[in-house]
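Below is one structure; the comments refer to it alone.
Protein chains: 2
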Amino acid sequence: MTEGLDSERMACWRAYIEASQRFFTRLEDDLRAESELSLADYHVLVLLSEAPGQRLRMGELAERLVFSPSRLTYQISAMQKRGLVAKESCPQDRRGSEAVLTAAGLLALREAAPHHLASARQHLMDDLDDAEVACLTRVFERLGRRLRAGRDVASTPSD
Amino acid sequence: MTEGLDSERMACWRAYIEASQRFFTRLEDDLRAESELSLADYHVLVLLSEAPGQRLRMGELAERLVFSPSRLTYQISAMQKRGLVAKESCPQDRRGSEAVLTAAGLLALREAAPHHLASARQHLMDDLDDAEVACLTRVFERLGRRLRAGRDVASTPSD
Numbered sequence: 210m211t212e213g214l215d216s217e218r219m220a221c222w223r224a225y226i227e228a229s230q231r232f233f234t235r236l237e238d239d240l241r242a243e244s245e246l247s248l249a250d251y252h253v254l255v256l257l258s259e260a261p262g263q264r265l266r267m268g269e270l271a272e273r274l275v276f277s278p279s280r281l282t283y284q285i286s287a288m289q290k291r292g293l294v295a296k297e298s299c300p301q302d303r304r305g306s307e308a309v310l311t312a313a314g315l316l317a318l319r320e321a322a323p324h325h326l327a328s329a330r331q332h333l334m335d336d337l338d339d340a341e342v343a344c345l346t347r348v349f350e351r352l353g354r355r356l357r358a359g360r361d362v363a364s365t366p367s368d
Numbered sequence: 210m211t212e213g214l215d216s217e218r219m220a221c222w223r224a225y226i227e228a229s230q231r232f233f234t235r236l237e238d239d240l241r242a243e244s245e246l247s248l249a250d251y252h253v254l255v256l257l258s259e260a261p262g263q264r265l266r267m268g269e270l271a272e273r274l275v276f277s278p279s280r281l282t283y284q285i286s287a288m289q290k291r292g293l294v295a296k297e298s299c300p301q302d303r304r305g306s307e308a309v310l311t312a313a314g315l316l317a318l319r320e321a322a323p324h325h326l327a328s329a330r331q332h333l334m335d336d337l338d339d340a341e342v343a344c345l346t347r348v349f350e351r352l353g354r355r356l357r358a359g360r361d362v363a364s365t366p367s368d
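Keeping their order, the protein sequence lines are chains A and B. Offset between the first sequence (1-based) and our numbering: plus 209. Offset between the second sequence (1-based) and our numbering: plus 209.
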């Protein structure tokens, strides 16, 4: 294992991680200013709205959100109290449970989405030219696939 | 304000935000597996190690980390208990206070850094070609500058 990144790659890494962390904080602030939702609430609503029957097993939802089971339980309970989701036992597996999007959840998502996407455009997307869009899509689709597969094929130099 | 992103830009946005959130969770897991530090601890240590005299005013540190004052107070108190930082009143302004890197903090950072950078390489950086490095640097340096300036010049279409 070696620490070294050449100076171009180190500058790239710092720019990516610092700007992205700042950006996610800003997206959260923008979303909370325009809706009752946190970014985590928003992502839960998006995933449920896109799932067949607008419902997902808790384990699947935890995997998609990269949440621990206890964090997801807390997140879904909080959303359940606000009427945004319901929780039901799985038809196929009585021990398992599913989160189900409610009508109120769908309406909250539909109301928040334009504001959230306007933030995404304002801070980042409208600033990109077509070549940059293609580059970012390529890089982050590869990263997402690799992380989902859970097996990072590293080209670690032998030292 | 309009919701629309064309399909290429929507795919780009989803790839970026989903992969980055998954990636930050993985970086945090990797760091905790190899050290006693969270990502927030690590970033505090990096910022202090790079500051003149290895010390920063609390307000400056909050701004750099994009933390609220109360979140930063909590963060620094927790690090102080573990001996990683000290807190002193500012020489120039007795009401203000500064976080100061301790020797133990510097050693913890030096021990964690190779592992953290190895994660960065393994999951992302070693997979990028030179053109992708140049593109990401350009895009995220622009994003960082815009967010720091706090004045996003949006090219919002008039609709």
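For every residue, glycine included, the Cβ atom is placed at its ideal position computed from N, Cα and C. Only a predicted model underlies this, so the values are computations on that prediction, with no experimental measurement involved.
Query raised in the report: Name the residues in the segment 308–334 of chain B whose C-beta lies less than 7 Å from a C-beta of chain C; which are they?
Result: Absent from the structure is chain C; the protein chains it does hold are A and B.
Query raised in the report: Going along chain A, which residues have a C-beta under 8 Å from residue 234 of chain B?
Result: For residue 234 of chain B, the C-beta contacts it makes with chain A under 8 Å involve 275, in order along the chain.
Requested in this report: Under 8 Å by Cβ, that's how I've got residue 326 of chain B and residue 254 of chain B pegged, so tell me the actual separation to the nearest angstrom.
Outcome: With a Cβ gap of about 14 Å, residue 326 of chain B and residue 254 of chain B do not count as contacting.
Query - Rounded straight-line distance, which links the Cα of residue 348 of chain B to that of residue 291 of chain B - result: Approximately 37 Å, taken between the alpha carbons.
Query raised in the report: So, are the CB atoms of residue 240 of chain B and residue 324 of chain B less than 8 Å apart?
Result: Going by C-beta atoms, residue 240 of chain B is nearer than 8 Å to residue 324 of chain B.
Report task. Answer yes or no: does any C-beta atom of chain A fall closer than 8 Å to that of residue 228 of chain B? Result -> It does: the Cβ of residue 228 of chain B has a partner Cβ on chain A nearer than 8 Å.
Query raised in the report: Can you name the start and end residues of the beta strand (DSSP E) that residue 266 of chain B belongs to?
Result: Start and end: 264–266.
Query - Proximal residues, the segment 334–346 of chain A versus chain B, C-beta separation under 8 Å - result: Listed in sequence order: 334, 335, 336, 337, 339, 340, 341, 342, 343, 344, 345 and 346.
Query - Separation of residue 219 of chain B from residue 344 of chain B, as counted between CA atoms - result: Approximately 19 Å between the Cα atoms of the pair.
Report task. State buried or exposed for residue 307 of chain B, treating a residue as buried only when at least 16 other CB atoms are found within 10 Å of its CB. Result -> The residue is buried, with at least 16 neighbouring Cβ atoms inside 10 Å.
Report task. Anything in chain A within Cβ reach of residue 351 of chain B, meaning under 8 Å, just list it in chain order. Result -> For the C-beta of residue 351 of chain B, the chain A residues within less than 8 Å are, from N- to C-terminus, 336.
Query raised in the report: To the nearest angstrom, how far is it from the Cα of residue 272 of chain B to the Cα of residue 293 of chain B?
Result: In this structure, the straight-line span from the alpha carbon of residue 272 of chain B to that of residue 293 of chain B is close to 20 Å.
Report task. Have a look at residue 221 of chain B and residue 340 of chain B and give me their C-alpha separation to the nearest angstrom. Result -> Annotation: residue 221 of chain B to residue 340 of chain B spans about 18 Å, alpha carbon to alpha carbon.
Requested in this report: Report the three-state DSSP secondary structure of residue 309 of chain B (helix, strand or coil).
Outcome: Here residue 309 of chain B sits in strand by DSSP.
Query raised in the report: Checking contacts by CB at 8 Å: is residue 217 of chain A closer than that to chain B?
Result: Cβ-Cβ to chain B under 8 Å: yes for residue 217 of chain A.
Report task. Taking all protein chains shown into account, decide if residue 312 of chain B is buried (16 or more other Cβ within 10 angstroms of its Cβ) or exposed. Result -> Per the 10 Å Cβ criterion, exposed.
**Report entry** Exposure label - residue 230 of chain B; buried when at least 16 CB within 10 Å
**Finding:** The residue in question, residue 230 of chain B, is buried, as its Cβ has 16 or more Cβ neighbours within 10 Å.
**Report entry** For residue 294 of chain A, the three-state DSSP class (helix, strand or coil)
**Finding:** Strand.
Report task. Return helix, strand or coil for residue 284 of chain B, following the three-state DSSP convention. Result -> In the structure shown, residue 284 of chain B sits in a helix (DSSP, three-state: H, G or I).
Query raised in the report: Mind pulling the chain B residues with CB within less than 8 Å of residue 283 of chain A?
Result: Ordered by position in chain B, no residue passes the 8 Å Cβ test against residue 283 of chain A, which lies about 16 Å from the chain.
Requested in this report: Could you check what DSSP says for residue 232 of chain B in three-state terms: helix, strand or coil?
Outcome: Residue 232 of chain B falls in the helix class under three-state DSSP.
Query raised in the report: Is it true that the CB of residue 264 of chain A sits closer than 8 Å to the CB of residue 274 of chain A?
Result: The answer is no: Cβ separation not under 8 Å.
Query raised in the report: By how many angstroms is the C-alpha of residue 280 of chain A removed from the C-alpha of residue 319 of chain A?
Result: Each residue's alpha carbon lies about 25 Å from the other.
Query raised in the report: Which ranges does the beta strand (DSSP E) cover as unbroken runs of at least 3 residues, wholly within the segment 242–266 of chain B, from first to last along the chain?
Result: Runs of the beta strand (DSSP E) spanning 3 or more residues and lying entirely within the segment 242–266 of chain B occur at 264–266, in chain order.
Report task. Note the first and the last residue of the continuous alpha helix (DSSP H) segment covering residue 304 of chain A. Result -> Counted as a single uninterrupted DSSP element, the stretch harbouring residue 304 of chain A is not any alpha helix (DSSP H), since DSSP gives it neither H nor E.
Query raised in the report: residue 251 of chain A CB to nearest chain B CB: under 8 Å?
Result: No, residue 251 of chain A does not count as interfacial toward chain B.
Query raised in the report: Could one say the Cβ of residue 221 of chain A lies closer than 8 Å to chain B's Cβ atoms, at least one of them?
Result: Chain B contact via Cβ: present.
**Report entry** Cβ of residue 355 of chain A within 8 Å of any chain B Cβ
**Finding:** Residue 355 of chain A counts as touching chain B.
Requested in this report: Return the CA-CA distance between residue 267 of chain B and residue 305 of chain B, expressed in angstroms with no decimal places.
Outcome: Taking the straight line from one Cα to the other gives about 8 Å.
Report task. Could you name the residues of chain B that residue 348 of chain A contacts, counting a contact when the two beta carbons are closer than 9 Å? Result -> Ordered by position in chain B, the residues that pass the 9 Å Cβ test against residue 348 of chain A are 224, 225, 228, 333, 336, 337, 341, 344 and 345.
Query raised in the report: At a Cβ threshold of 8 Å, is residue 241 of chain A touching chain B?
Result: By this cut-off, residue 241 of chain A is not an interface position.
Query - chain B within 8 Å of residue 280 of chain A, Cβ atoms only - result: It does not: the Cβ of residue 280 of chain A has no partner Cβ on chain B nearer than 8 Å.
Query - Top-ranked residue by Cα proximity to residue 351 of chain B, from A/217, A/213 and A/232 - result: It is A/232 whose Cα lies nearest to the Cα of residue 351 of chain B.
Query raised in the report: Taking buried to mean at least 16 other C-beta atoms within 10 Å of its own C-beta, is residue 358 of chain A buried or exposed?
Result: With fewer than 16 other Cβ atoms within 10 Å, it is exposed.
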